[in-house]
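Let me begin by presenting the structure, written as C-alpha cells, before commenting on it.
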Amino acid sequence: MTSNNQRRLLLLLKLLYEQTDETHFVSGADILRYWEDASIRANRKNVYGDIRLLLDAGHDIIRVKSKQNRYFIGSRIFELPELKLLADAVASSHLVTEKKSAALLQKLGRLTSVHNAGHLNRPVYMEGTTKPDNEAIYYAIDAIQTAIHMRQAISFQYYEYTPKKEKVLKHKGYRYVFSPYALIWNRDFYYAVGWSQKHGKLAQFRVDRMTRIRQSDAEYTADPSFDPAGYVREVFGMYHDETQRMTLLCENHAMKNVIDRFGEDVCTEIVDARHFRAVVDAAPSPPFFAWVFTFGGAIRIEGPADVLAKMKDMAAWLGE
Numbered sequence: 001m002t003s004n005n006q007r008r009l010l011l012l013l014k015l016l017y018e019q020t021d022e023t024h025f026v027s028g029a030d031i032l033r034y035w036e037d038a039s040i041r042a043n044r045k046n047v048y049g050d051i052r053l054l055l056d057a058g059h060d061i062i063r064v065k066s067k068q069n070r071y072f073i074g075s076r077i078f079e080l081p082e083l084k085l086l087a088d089a090v091a092s093s094h095l096v097t098e099k100k101s102a103a104l105l106q107k108l109g110r111l112t113s114v115h116n117a118g119h120l121n122r123p124v125y126m127e128g129t130t131k132p133d134n135e136a137i138y139y140a141i142d143a144i145q146t147a148i149h150m151r152q153a154i155s156f157q158y159y160e161y162t163p164k165k166e167k168v169l170k171h172k173g174y175r176y177v178f179s180p181y182a183l184i185w186n187r188d189f190y191y192a193v194g195w196s197q198k199h200g201k202l203a204q205f206r207v208d209r210m211t212r213i214r215q216s217d218a219e220y221t222a223d224p225s226f227d228p229a230g231y232v233r234e235v236f237g238m239y240h241d242e243t244q245r246m247t248l249l250c251e252n253h254a255m256k257n258v259i260d261r262f263g264e265d266v267c268t269e270i271v272d273a274r275h276f277r278a279v280v281d282a283a284p285s286p287p288f289f290a291w292v293f294t295f296g297g298a299i300r301i302e303g304p305a306d307v308l309a310k311m312k313d314m315a316a317w318l319g320e
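For the sequence shown, UniProt numbering gives the first residue as 1, with consecutive numbering after it.
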C-alpha cells in the first residue's frame, strides 16, 4: 500500500469515528469531498475498497442502503450510555479538580462522535465537599500504585490544617517511611494502607494530604496476612465494635433504605399495616446509630437491650 493510500485510509477512519453515529451518516460523496479537501484524489471504487479493508480489520461500519449508500460507525469501545456514566463519575468526584475534570471530559468525548460528545458535558449536582485544588494527587496515586506493584517502600510528608485553615506540614516536615499494601477508596477519598515505620504498625494516610512522595531506600516491610476487604470492614466506619444481631422496627416507607444498607436478603416480617420488623447484623457503632437517627423515628432499634441503651446514651450526649 502506497503512502497516499495509507493516508486516505486513515483519514476515512478518522471521518467515520468523529462524524458518524447511529443518527449521523456520511455518504460516498461526503467521503470523496473529505478526501478532496485533504488533497487526495480518489473515486467511488476507492470508497468501497477502503470500507471493505476497514471491515476486514474489525471496524463495525454499518451501511445504510439507499439511492446513495450511507455509512456510520456501529459499536464502539464505549457506548454513549457508558460514556455518560463515566463522565458523571468524573464530574462528581471530589478527588478530581475542576481543571482535570474538564480535561478528562474532553478526552472521553473523543471516544464518541462530535455530535454525541456534547452530551457528556452536562452539570452534575454534588452533595458534600467541593472539588479539590490539588493537581498533584494524580501523581501521588500513580507513585503509590507503582510502589505497591514493585513492593517498594516510599517516603513522604503529610500536612494538616491549623485553626486558621492554614496548610502546614505535620511534625515540622517529618518524612514518613511507608510500605504501601493497598489503595482504598472510602467516602470519596483515597487512603494508602500499609506498614508505617514511625508507628511500627499498620496505618492509613489520606492520599490527598500526602506530598513530596519519593522512593525510599528502606527495606519494604511485607505482611502476607493483610486482607484489604477485611481491613475495610474493620476500620472504615466500623470503629472496631463487634457485629451484633439486632431487630429494627421500621415504617413501611423505610424498606428501600433497609435494603440499600443490608441487601435484598435481609430478614423481614410484617408487624402491622404501617410497620415491618427487620433482623440485621451490624456493629453498634456511632456510624450505625447516625444512620438510624437519620430517619427521625421511622427506623427504631428494638433490641438487644444493651444496644438500645448504648444508643440512648449517645442521644443524651447529643442533646447536651
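Every residue gets a Cβ at the ideal spot worked out from N, C-alpha and C, and that includes glycine.
Treat the numbers as computed from the prediction; the structure is a model and nothing was measured.
- Between the beta-carbon of residue 246 and that of residue 168 there is about 43 Å, and that puts the pair past the 8 Å contact cut.
- A distance below 7 Å between beta-carbons, with the five flanking residues on each side excluded, links residue 35 to the following residues of its chain, in chain order: 8, 11, 42.
- Note that the C-beta distance between residue 158 and residue 205 is below 8 Å.
- Rounded to whole angstroms, the separation of the alpha carbons of residue 73 and residue 16 is 6 Å.
- The beta-carbon distance between residue 299 and residue 254, rounded to whole angstroms, is 5 Å. This is short enough to meet the 8 Å contact definition.
- In this structure, DSSP gives residue 180 an extended state, which the three-state scheme calls strand.
- Here DSSP, grouped into helix, strand and coil, assigns residue 101 to helix.
- With three or more CB-CB distances shorter than 8 Å, the stretch 255-263 counts as touching the stretch 281-299.
- Here residue 89 is not near residue 101, since their CB atoms are 8 Å or more apart.
- In this structure residue 284 is buried. Its beta-carbon is surrounded by 16 or more other beta-carbon atoms within 10 angstroms.
- Sorting 186, 250, 179, 140 by C-alpha distance to the C-alpha of residue 273 places 250 at the top.
- Restricting attention to 61, 5, 69, 23, the CA atom closest to the CA of residue 30 is found in 69.
- Residue 267 and residue 275 have their C-alpha atoms some 14 Å from each other.
- Contact check between the stretch 205-223 and the stretch 144-158: three or more CB pairs, one atom from each, fall below 8 Å, which counts as touching.
- In this structure, the straight-line span from the alpha carbon of residue 21 to that of residue 117 is close to 11 Å.
- Excluding sequence positions up to five before and after residue 289, its CB lies within less than 7 Å of the CB of 311, 314, all in the same chain and listed in chain order.
- Cβ contact annotation for residue 87 (same chain, cutoff 7 Å, sequence separation greater than five): 105, 108, 120, in chain order.
- Residue 76 has no beta-bridge partner at all, per DSSP.
- The beta-bridge partner set that DSSP reports for residue 169 consists of 159.
- Note on geometry: alpha-carbon atoms of residue 201 and residue 195 lie some 6 Å from one another.
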